[in-house]
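What follows is one structure encoded as structure tokens, with my remarks underneath.
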Amino acid sequence: MVMCSGQLRGKLRGVAFVGSLAIMYMAISTGLITFNKYLMHAERFPYAIALGVLHMASSSCFNGLLLWLRPSLYPSLTDKQQKVDLDWGLCRQFLLPIAFCFAVQLVLSNMAFIHSSVAMLQMMKQSNVVLVYLLSLALGSETWSWQRAGALGVICAATALTIHGEMHFSAIGFSLQGVSMFCESIKLTLQSHSLSSDGRKLDAFTYVMLVAPMVLIILLGALVGFAVAWPERPEALRLPPWYALVENRGVLLANGSLAFAMQIAHAAFMKNSSAITFILTGVVMKDIVVIAVCAVVLGEELSGQQLVGFSIQLLGVCAWSLMKVVPGLVGGAGQASGSLPPLPRGATGLIAACEPETDTLIAGLRLKVEDLSAGERSSSFCKEGMRRIPTVSSESTMTPLGDSFDEEANVITPVRNRESNSEEEFSSYAASFMEALSGSDDAANDGFFQMSNSGDEGL
62 MVMCSGQLRG KLRGVAFVGS LAIMYMAIST GLITFNKYLM HAERFPYAIA LGVLHMASSS
122 CFNGLLLWLR PSLYPSLTDK QQKVDLDWGL CRQFLLPIAF CFAVQLVLSN MAFIHSSVAM
182 LQMMKQSNVV LVYLLSLALG SETWSWQRAG ALGVICAATA LTIHGEMHFS AIGFSLQGVS
242 MFCESIKLTL QSHSLSSDGR KLDAFTYVML VAPMVLIILL GALVGFAVAW PERPEALRLP
302 PWYALVENRG VLLANGSLAF AMQIAHAAFM KNSSAITFIL TGVVMKDIVV IAVCAVVLGE
362 ELSGQQLVGF SIQLLGVCAW SLMKVVPGLV GGAGQASGSL PPLPRGATGL IAACEPETDT
422 LIAGLRLKVE DLSAGERSSS FCKEGMRRIP TVSSESTMTP LGDSFDEEAN VITPVRNRES
482 NSEEEFSSYA ASFMEALSGS DDAANDGFFQ MSNSGDEGL
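Each residue of the sequence shown is one higher than the last, beginning at 62 in the numbering used here.
Listed below in structure tokens is the structure:
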């Protein structure tokens, strides 16, 4: 009884902690988006490239300081077991193309703030999943599924509804945001396909540490190139005059610091929340808060058609995300028939013992699941002192992807009626579970992760 009470208190503390991180993440994300919209005004600081330079410079400097203070946050650079060989091939083939796409995305999304409302831009970005899915299909890293295609079709139709209902539609803003979304989709696809297939597995902070300086160099080069080759360029592509930097030095410093805080909050929330929690809070609730705040604070007008379309968008995004997290929702799409479900990256859905004796744990893992009915299986696991831990996710700011693992797998469910169920397979499972249980924090770093935050929220 005392143990159960202690477990309950521990779970309540965990829920309160994750809830606090969710609130912090949504507040910082909403604040940064609103802040960027505020700055990108003709009478304040309408310099899209310069704002991107500010974010990348802040990220590079703060990451350098963080590497000096806490090297353990950068295992791909400091940990002997997880250290990645950094060579010119990695930069030329993978990181530079990703940095170029990110630089274009960052500038265009900032420019879109000048012409369109935040609400419309956020609603447009809901359809990013469609572009990523199509590009992943083209590269062979995704398989076709009619159920997923149906969910994406709903998202596309709802996005068209929100755009049609925009009360102050701007073709320029729409075009800029569309190209920005396309570049972001290429960036995300390159991250998940190129680096994972190459076997280069970077943790979140190391990834940002490497990419941010490259984006900074590209943006500085763009400022010089536009100044030489395009004298009549728009103001957003110009170098800001000195007086604009001096007059806005306080807000610019705050904006750059907030962009780095966004990276920290995103990483902390992803590390301590499950995939479903992140989807519902970090994606759905965050967008609701962003649009609500912009309507109240910035006075943006929303039509009834946009509200209906946005609601349908959220339902479609939830359905799509749950299909990715729980493959069984689409009839096992993406999983070979009759095979064991893949082990996750990030040690999610692990089976652990209430009283962690090694013999009891291994005995429970070796149970022959096909010989048990649903009731017998539950009873046997209870007798062995087994239970499920539903949440431990990646400590990265990116969504877990793996070469031999189902994307964003969150729960391991024993499959009954399998054609093959050898002792070797169960021994392998037991070894994997024991390794993960002995160091789940390290397991959380395994694999390369796909960035899920948008460019207008900082890197």
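Cβ coordinates follow ideal geometry from the N, Cα and C atoms, glycine included.
Cβ-Cβ distance between residue i and residue j below 7 Å
i      : j      : result
Ser90  : Lys385 : no
Val191 : Leu213 : yes
Phe266 : Ser119 : no
Tyr86  : Ala328 : no
Ser188 : Gly234 : no
Leu277 : Met101 : no
Asn171 : Ala109 : yes
Met271 : Leu157 : One detail in the question is off: residue 271 reads as Leu in this sequence, not Met. The answer is no: Cβ separation not under 7 Å.
Val345 : Leu375 : yes
Phe174 : Asn309 : no
Ser137 : Leu263 : yes
Which of helix, strand or coil DSSP assigns to residue i
i      : result
Thr204 : coil
Tyr135 : coil
Asp348 : helix
Asn333 : helix
Leu112 : helix
Ser231 : coil
Ala380 : helix
Ser454 : Its pLDDT being 34, under 50, Ser454 is placed unreliably by the model, and the measurement read from it follows with that caveat. Residue state, collapsed to three classes: coil.
His327 : helix
Val76  : helix
Thr409 : Interpretation of Thr409 is limited by its pLDDT of 30, a score under 50 that renders its predicted location unreliable; the figure taken from the coordinates is listed afterwards. Correct three-state label for Thr409: coil.
Trp291 : coil
Gly92  : helix
Leu428 : With a pLDDT of only 45 at Leu428, under 50, the local geometry of the prediction cannot be trusted, and no value is derived from it.
Leu363 : coil
His102 : coil
Leu222 : helix
Assigned exposure category for residue i - 16 Cβ within 10 Å defines buried
i      : result
Val307 : exposed
Phe78  : exposed
Val179 : buried
Gln68  : exposed
Glu293 : exposed
Pro132 : exposed
Leu125 : For the record, residue 125 in the displayed sequence is Gly; it is not Leu. Its Cβ having fewer than 16 others within 10 Å, Gly125 is exposed.
Glu296 : exposed
Ala83  : buried
Arg209 : buried
Gly317 : buried
Closer than 6 Å: residue i CB and nearest the ligand HEM heavy atom
i      : result
Leu363 : Summarising the ligand content, the structure contains no ligands, and the ligand HEM is consequently not present.
CB contact below 7 Å: residue i versus chain D
i      : result
Ala283 : No chain D is present in this structure, which holds just one protein chain.
- Query: Are the region 230-241 and the region 164-174 touching, with three or more C-beta to C-beta distances below 8 Å?
  - Reply: Contact holds: three or more Cβ-Cβ distances are below 8 Å.
- Counting Cβ pairs closer than 8 Å, one from the region 140-159 and one from the region 204-222, do we hit at least three? No: fewer than three Cβ pairs fall under 8 Å.
- Segment contact flag, the region 218-226 with the region 350-368, C-beta cutoff 8 Å, min 3 pairs: With a cut-off of 8 Å, the region 350-368 and the region 218-226 count as touching, because enough Cβ pairs lie within range.
- Taking only runs of the alpha helix (DSSP H) that begin and end inside the region 159-199, which ones reach a length of at least 4 residues, in chain order? Complete alpha helix (DSSP H) runs here, min 4: 179-186.
- Task: May I ask you to verify whether the region 284-298 touches the region 336-355, counting CB pairs closer than 8 Å and requiring at least 3?
- Result: When C-beta atoms of the region 284-298 are compared with those of the region 336-355, fewer than three pairs fall below 8 Å, so the two segments do not count as touching.
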